[in-house]
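J.: Numbering-wise (our numbering), the sequence shown opens with residue 1046 and increments by one. By construction, the Cβ of each residue, glycine as well, lies at the ideal position given by its N, Cα and C atoms.
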Amino acid sequence: NNPCNTTDEEKWVFIDKNSTLSYAIKGMSPSADFQEWPLPYAGNQDQTTLIVLPDTVSQSKLEELSLVTESFGNEAQHSYTVKKSSDVT
1046 NNPCNTTDEE
1056 KWVFIDKNST
1066 LSYAIKGMSP
1076 SADFQEWPLP
1086 YAGNQDQTTL
1096 IVLPDTVSQS
1106 KLEELSLVTE
1116 SFGNEAQHSY
1126 TVKKSSDVT
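(1) Look at the alpha carbon of T1126 and the alpha carbon of S1067, and state the distance between them as a whole number of angstroms.
(2) So for K1129, helix, strand or coil by DSSP?
(3) Rounded to the nearest angstrom, how far is the Cβ of S1130 from that of L1098, given a contact under 8 Å?
(4) With distances taken between CB atoms, is the gap from I1096 to L1084 smaller than 9 Å?
(5) Are there 16 or more other CB atoms within 10 angstroms of the CB of A1087, so buried, or fewer, so exposed?
(6) Secondary structure at T1065, three-state DSSP: helix, strand or coil?
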């Protein structure tokens, strides 16, 4: 079935100047309900998220950060960067 060579008239759509096309778009929730987690913090996005840590950070805070970034999942692995505050201009 090559759609470029079909002669079946039932597979064609005719569009004229009065035609319209409507479709629903599911937007992201504006509230902080974590329904779309890990978005907008990580995930399939054009820009990476920057996570800024203090220059001196405790081991417990690093462990907390690890838990958060692990919750992002594998697809978000490269969608965030972690820097010390002195490295941010």
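T.: So, from the listed chains and residues:
(1) Locating residue 1126 in the sequence shown gives position 81, counting from the first residue. Locating residue 1067 in the sequence shown gives position 22, counting from the first residue. Those two C-alpha atoms are separated by around 38 Å.
(2) Mapped onto the sequence shown, residue 1129 falls at position 84. Note: K1129 maps to strand in three-state DSSP.
(3) Counting from one through the sequence shown, the residue named residue 1130 turns up at place 85. Counting from one through the sequence shown, the residue named residue 1098 turns up at place 53. L1098 and S1130 do touch by the CB rule: their CB atoms are close to 7 Å apart, below 8 Å.
(4) The sequence position of residue 1096 within the sequence shown is 51, counting from 1. The sequence position of residue 1084 within the sequence shown is 39, counting from 1. It is not a contact, given that the beta carbons lie outside the stated cut-off.
(5) Looking up residue 1087 in the sequence shown gives position 42. Using a 10 angstroms sphere on the CB of A1087, the tally of other CB atoms reaches 16 or more, which defines it as buried.
(6) As a working mapping, residue 1065 is identified with position 20 in the sequence shown. Note: T1065 maps to coil in three-state DSSP.
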